[in-house]
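S.K.: If you count the sequence shown from 1, position 324 lands on 578 in the working numbering, and the numbers rise without skipping.
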Amino acid sequence: MKLINTGRTRKYNHISPVLRSLHWLPVNQRIEFNMNILDLSLAAQKALEYLDRLKNVPLNIAITGESGSGKSTLVNALRGIKKQNRGKYIHPQYPNVKIWDLPGVGTTKFTADKYLEHVGFEKYDFFIIVSCDRFRENDAKLAKEIQKMKKKFYFVRSKIDNSIRDEKDGDPELNEVNLLELIRDNCSKELQKLGFESPKVFLVSSLKLHLYEFEDLWKTLDKELPTHQRNVMLLALPNISADVIEQKKQALEDRIKWYTLASAAGAVVPVTGFSDAFDMALLLEFATECKRSLGLMPESLQNLSNVSSIPLEDLKAEIKSSLGTDQLNTTVMIKVLSKAANYITSAAAELEASPISVFGIVLAMTSSSVTTYTALKYILTSLTQDAQQIFMKALKLCTSV
255 MKLINTGRTR KYNHISPVLR SLHWLPVNQR IEFNMNILDL SLAAQKALEY LDRLKNVPLN
315 IAITGESGSG KSTLVNALRG IKKQNRGKYI HPQYPNVKIW DLPGVGTTKF TADKYLEHVG
375 FEKYDFFIIV SCDRFRENDA KLAKEIQKMK KKFYFVRSKI DNSIRDEKDG DPELNEVNLL
435 ELIRDNCSKE LQKLGFESPK VFLVSSLKLH LYEFEDLWKT LDKELPTHQR NVMLLALPNI
495 SADVIEQKKQ ALEDRIKWYT LASAAGAVVP VTGFSDAFDM ALLLEFATEC KRSLGLMPES
555 LQNLSNVSSI PLEDLKAEIK SSLGTDQLNT TVMIKVLSKA ANYITSAAAE LEASPISVFG
615 IVLAMTSSSV TTYTALKYIL TSLTQDAQQI FMKALKLCTS V
C-alpha cells in the first residue's frame, strides 16, 4: 500500500528527529503518539503502515507424508485449486502464505533429525503429517523431532472418503459414524504404540474439505496459532463452512477502524446522495481485500468451478452485489454507494455520536469518518452475503452427488 503524503505534516518537520527516535515502538504506540501529540494525518499514515503489516505477515505451512498419502491433494485443496505440482506452493490470493509439499522421511536417505535440517525446519510455522492408511514409525520419529524443537504438528488421516466408500462396497448397511470412530481409534492406537500418549488425529477428505474433520483441524489451529498468523490462515482458508465465512467477516470487520483512520490521509471523491466525500482508493482496496478472502475474485470463482464441477455462470448467478460481479473500479463503487445512500446515511446517523476505539484510544469520529466507517461495513456485509450464497450453492450440489 502506498503511503499518501497529504502535505499537512510539513509543520512538524522540526520534530522529525523525535519521530525517528520512536521507530522502535510498536506500531500501536506510535499511532497513539501521533494522535495525541501530533496530527491525525500522521496517525492515518501509521494506520496504513499497520494495515500493510497485517496483510504481509508470512505463514509457512509444511505438509509431509509418504508418497501416495494424499499430501499434494491436500496442499492444492488449501489453495482452492485442482492443479498438481510439487515443492513450494504460493497461495493464489495471498503470496505471503506458502504451503510446502515435503517428501516423506521414508522417501529420503535422511534420518528424522537430519531430515528436518535438510528441508530447512526453521522456516516452517507448523507441520501437517499425512497418512492415507496408518501412521508408521517414520511419521512418529518426525513428530518427536518436531516436538523437540518446540513447533506444532498435526496428524491427518487423508482420503477418508475413499475408505468409507471401500468399506461400504463390502457392507452397504455399514454405519458411517461408527466407521469413522473405528478408523480414528485405529490411528490413535498405532500412534500410542509409537510413543504418543493421547494423539489427536483429524480425518480429512481433501476433495471434500467441508465434510469430516477438516473444520476441527482449523478450530485447533485457531486456538494454537499466534493471533497474527491465525488471522492470515483464516483469510487464506477456503470457504469450508458458513461459520468460517462469518469468522472471516469478523476478522475483516476488525480492520474497518484502521481503514477509517487511514481515510484521513487520502484524496476524496464526491458521491451522489452524500454530503461527505469518500477516499475512493481506500474503499476499493478494502473491497478487494474482502473479495480475496471471501473467494469472490474471478480466479477464485473459476477455481471453485473447476474443483466442484459447477459451471462458472451458475456460481456467478448467486452474486447479488455489483462489487462481487463487476471489475472493481471507481465507477462501480460510486454506483454501489449511490444506490445504498439512504441506508448508509441512515446507519451513519445512528453512529454520529459514537466514538471509535483504536487500541483503546478513543477517537471522536467526524461526519466524514462516520460515513466512511458505515460504507465499509456495508461493503463487507454485501460481499459476505454473496460468499454465503455461493457456498450454499456449492454445498447443495456437492452433497447431492
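Heads up, the beta-carbon is just placed ideally off N, CA and C, and yes, glycines get one too. All figures in this text were calculated on a predicted structure; none of them were measured in a lab.
Run through the DSSP bridge pairs and tell me what residue 319 is partnered with.
M.R.: The count along the sequence shown starts at 1 and reaches residue 319 at position 65. DSSP lists 357 and 384 as partners of residue 319.
S.K.: Quick one: complete beta strand (DSSP E) runs, 3+ long, within the segment 411–495?
M.R.: Taking only runs of at least 3 residues, the beta strand (DSSP E) segments lying wholly in the segment 411–495 are 455–457.
S.K.: Is the beta carbon of residue 509 less than 8 angstroms from the beta carbon of residue 308?
M.R.: Here residue 509 refers to the residue found at position 255 of the sequence shown. Here residue 308 refers to the residue found at position 54 of the sequence shown. Cβ distance < 8 angstroms, so residue 509 and residue 308 count as in contact.
S.K.: Where do the ends of the alpha helix (DSSP H) carrying residue 592 lie?
M.R.: As a position in the sequence shown, residue 592 is number 338, starting the count at 1. 584–593 is the span of the alpha helix (DSSP H), which, as asked, contains residue 592.
S.K.: Which value, in whole angstroms, describes the spacing of the CA atoms of residue 500 and residue 544?
M.R.: Locating residue 500 in the sequence shown gives position 246, counting from the first residue. Locating residue 544 in the sequence shown gives position 290, counting from the first residue. Answer to the nearest angstrom: the Cα atoms are 12 angstroms apart.
S.K.: Cα separation between residue 558 and residue 370?
M.R.: As a working mapping, residue 558 is identified with position 304 in the sequence shown. As a working mapping, residue 370 is identified with position 116 in the sequence shown. If you take the alpha carbons of residue 558 and residue 370, they lie about 34 angstroms apart.
S.K.: Can you list, in chain order, the residues of its chain with a C-beta nearer than 7 angstroms to that of residue 551? Leave out the 5 residues immediately preceding and following it.
M.R.: By 1-based counting over the sequence shown, the position of residue 551 is 297. So the list reads 347 and 545, once near-sequence residues are dropped.
S.K.: Looking at the secondary structure, which residues open and close the alpha helix (DSSP H) in which residue 540 lies?
M.R.: As a working mapping, residue 540 is identified with position 286 in the sequence shown. 534–547 is the span of the alpha helix (DSSP H), which, as asked, contains residue 540.
S.K.: Between which residues of its own chain and residue 361 is the CB-CB distance below 8 angstroms, once the five residues before and five after are set aside?
M.R.: Position 107 of the sequence shown holds residue 361. These residues qualify, in order along the chain: 320 and 321.
S.K.: One question on the structure: do residue 453 and residue 409 come within less than 8 angstroms of each other, judged by their Cβ atoms?
M.R.: As a first step, residue 453 must be located in the sequence shown, where it is residue number 199. As a first step, residue 409 must be located in the sequence shown, where it is residue number 155. In this structure, residue 409 lies closer than 8 angstroms to residue 453 by Cβ.
S.K.: What are the partner residues of residue 342, as DSSP defines its beta bridges?
M.R.: Taking the sequence shown and counting its residues from 1, one reaches residue 342 at position 88. Looking at the DSSP assignment, residue 342 forms a beta bridge with 354.
S.K.: Please list the terminal residues of the continuous alpha helix (DSSP H) segment that includes residue 369.
M.R.: In the sequence shown, the residue the question calls residue 369 occupies position 115. It spans 366–372 - the alpha helix (DSSP H) in which residue 369 sits, taken as one unbroken run.
S.K.: Under the three-state reduction of DSSP, which class applies to residue 375: helix, strand or coil?
M.R.: Within the sequence shown, numbered from 1, the residue matching residue 375 stands at position 121. If DSSP states are grouped into helix, strand and coil, residue 375 belongs with the helices.
S.K.: Measuring CB atoms only, is the segment 439–454 touching the segment 377–393, in the sense that at least three cross pairs come out at less than 8 angstroms?
M.R.: Yes, the segment 439–454 touches the segment 377–393.
S.K.: If you run the structure through DSSP and keep just helix, strand and coil, what is residue 515?
M.R.: Numbered from 1 along the sequence shown, position 261 holds the residue referred to as residue 515. Looking at residue 515 - three-state DSSP - the assignment turns out to be helix.
S.K.: When the distance is taken between beta carbons, is residue 647 closer than 8 angstroms to residue 569?
M.R.: Locating residue 569 in the sequence shown gives position 315, where the first residue counts as 1. Locating residue 647 in the sequence shown gives position 393, where the first residue counts as 1. Taking 8 angstroms as the Cβ cut-off, residue 569 and residue 647 qualify as a contacting pair.
S.K.: What is the DSSP secondary structure of residue 649, counted as helix, strand or coil?
M.R.: As a working mapping, residue 649 is identified with position 395 in the sequence shown. Here residue 649 sits in helix by DSSP.
S.K.: When the Cα atoms are used, what is the spatial distance from residue 599 to residue 527?
M.R.: Counting from one through the sequence shown, the residue named residue 599 turns up at place 345. Counting from one through the sequence shown, the residue named residue 527 turns up at place 273. Distance between the alpha carbons of residue 599 and residue 527: 9 angstroms.
S.K.: Restricting to Cα atoms, I'd like to know which of 541, 560, 465 and 511 is closest to residue 304.
M.R.: Residue mapping note: residue 304 aligns to position 50 of the sequence shown, counting from 1. The candidate whose alpha carbon is nearest that of residue 304 is 511.
S.K.: Run through the DSSP bridge pairs and tell me what residue 523 is partnered with.
M.R.: The residue given as residue 523 occupies position 269 in the sequence shown. Answer by DSSP bridge pairing, in chain order: 532.
S.K.: Suppose you measure from the CA of residue 440 to the CA of residue 310; what does that come to, to the nearest Å?
M.R.: Reading the sequence shown from its first residue, position 186 is the one you call residue 440. Reading the sequence shown from its first residue, position 56 is the one you call residue 310. Distance between the alpha carbons of residue 440 and residue 310: 41 angstroms.
S.K.: Per DSSP, residue 408 forms a beta bridge with which residues?
M.R.: Along the sequence shown, read from residue 1 onward, the residue named residue 408 stands at position 154. Paired residues: 382.
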